[in-house]
């Protein structure tokens, strides 16, 4: 999960049965620290947890702030699924609000 675990009361049971149990996969969280409740089943069942600071920044739009968070996460991770940062930038250009207002 990349983002937040809020709303876990409504989503956990379905997430567990339809994804984790069905695919017998691990759960990894990459979540912000602002207002995050770590006493929930997502955290309790996660094999991996990465956190990032997501406090609001003055004079910076939410779009710019989230782009920076994703960029910083990308550069600090050891993931190699993306060949280079230009792939992430291409995702921002897609129409619609499919990945938050980036």
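In my numbering, the protein residues as written are 59 to 160.
Glycine residues also receive a C-beta, built at the ideal position from the N, C-alpha and C atoms.
In this structure, the CA atom of residue 82 is about 33 Å from the CA atom of residue 126. At the C-beta level, residue 112 and residue 92 come within 8 Å of one another. For residue 68, no beta strand (DSSP E) run applies; the uninterrupted alpha helix (DSSP H) run containing it begins and ends at 66 to 73, by DSSP.
Annotation: residue 93 is outside any beta strand (DSSP E) and is labelled neither H nor E by DSSP. Secondary structure at residue 122: helix, using DSSP grouped into helix, strand and coil.
Under the 10 Å beta carbon count, residue 71 is surrounded by fewer than 16 other beta carbons and is classified as exposed. Contact between residue 130 and residue 100 does not hold, since the beta-carbon distance rounds to 22 Å and is not under 8 Å.
Here residue 79 has no same chain residue with a Cβ atom under 7 Å from its own Cβ, once five neighbours each way along the sequence are excluded.
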